[in-house]
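Residues 6 to 200 (the numbering used here) are what the sequence shown spells out, left to right. Just so it is clear, CB atoms sit at the ideal spot from N, CA and C, and this is done for glycine as well.
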Amino acid sequence: MSQIKLAPNASGTGIFTIDSPNSNTNRTLSLPDNAGTIITTGSSGQSIPKAALPTGSVLQVVQGTQTTGTSTTSTSYVDTSLSATITPTSSSSKILIIMYGGTTDRIATANEAARFQIIRGASTFVQGGGNWYFSATATDFAAPIGGMSYLDSPATTSATTYKVQLQSRLGGAASFNTNSGGGSIASLILMEIAA
């Protein structure tokens, strides 16, 4: 049969006491069949290993922000200054992406629209790409971009960068995180989710 061995520290002078509560019921405490450190409510500087957390746990959170504006007349996607980099702890982890883009201005051009997308790395499309505040009439306005979200599977433990890109539908001035009032803050939040 297996045995339980107590191994006192030869240099320590403290006495560790296993204290029993006031109970009339027999209890069995079962030890797991693996090595490790027992963490108590008084533990300091220790935490449950990320690999031991259940599916759906948030393992880490990273945020990128942009306080300046980006404008373009390009009909191809160009980078904004909004990006964030995360290094997953496991290749099976999911990355929950949440983007809020501040505001966009649109010049008074019929059928013009700004388009936004999120990419991983240099070119891997993640989310977005549609017309934002499209109008068939020549209307000049500024409006909140709102947000985009997506649960990505990068399948890597290497540092991974996500960034927001902007495109003009017809070649007019399209903007990201800028308006005449100023003060816009765009954010890109990345959360590693245990899978």
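Within a 10 Å sphere around the beta-carbon of A115 sit fewer than 16 other beta-carbons, which makes this residue exposed. About 15 Å separates the beta carbons of N182 and Q68, which is beyond the 8 Å limit, so they are not a contact pair. DSSP places A119 in the strand class (E or B) of the three-state scheme. Between the alpha carbons of L64 and T22 lies a gap of roughly 34 Å. In this structure, DSSP gives K10 a state outside helix and strand, which the three-state scheme calls coil. A straight-line Cα-Cα distance of about 15 Å links T129 and L171. In this structure, the beta-carbon distance from I44 to Q51 falls below 7 Å.
In this model, P159 and T92 are separated by some 10 Å (Cα to Cα). Secondary structure of A148 (DSSP, three-state): strand. When A199, T80 and M6 are compared, the shortest CA-CA separation from G177 is found for T80. In this structure, the beta-carbon distance from A200 to K55 does not fall below 7 Å. The alpha-carbon separation between S76 and P37 amounts to approximately 58 Å.
For the 7 Å CB-CB criterion, Y82 and G152 do not form a contact. For the set G133, A15, A127 and L175, the Cα lying nearest the Cα of Y167 is the one of A127.
Closest in alpha carbon position to E117, among K10, A57, V169 and L175, is L175. Across the set T90, A147 and G74, the C-alpha of T90 shows the shortest separation from the C-alpha of T162. V83 has L171 as its beta-bridge partners, per DSSP.
The C-beta distance from V131 to D157 rounds to 6 Å, short enough to meet the 8 Å contact threshold. Counting other Cβ atoms within 10 Å of its Cβ, R32 stays below 16 and is therefore classed as exposed. Taking C-beta atoms under 8 Å as the contact rule, I194 and I124 fail to qualify, at a distance of about 16 Å.
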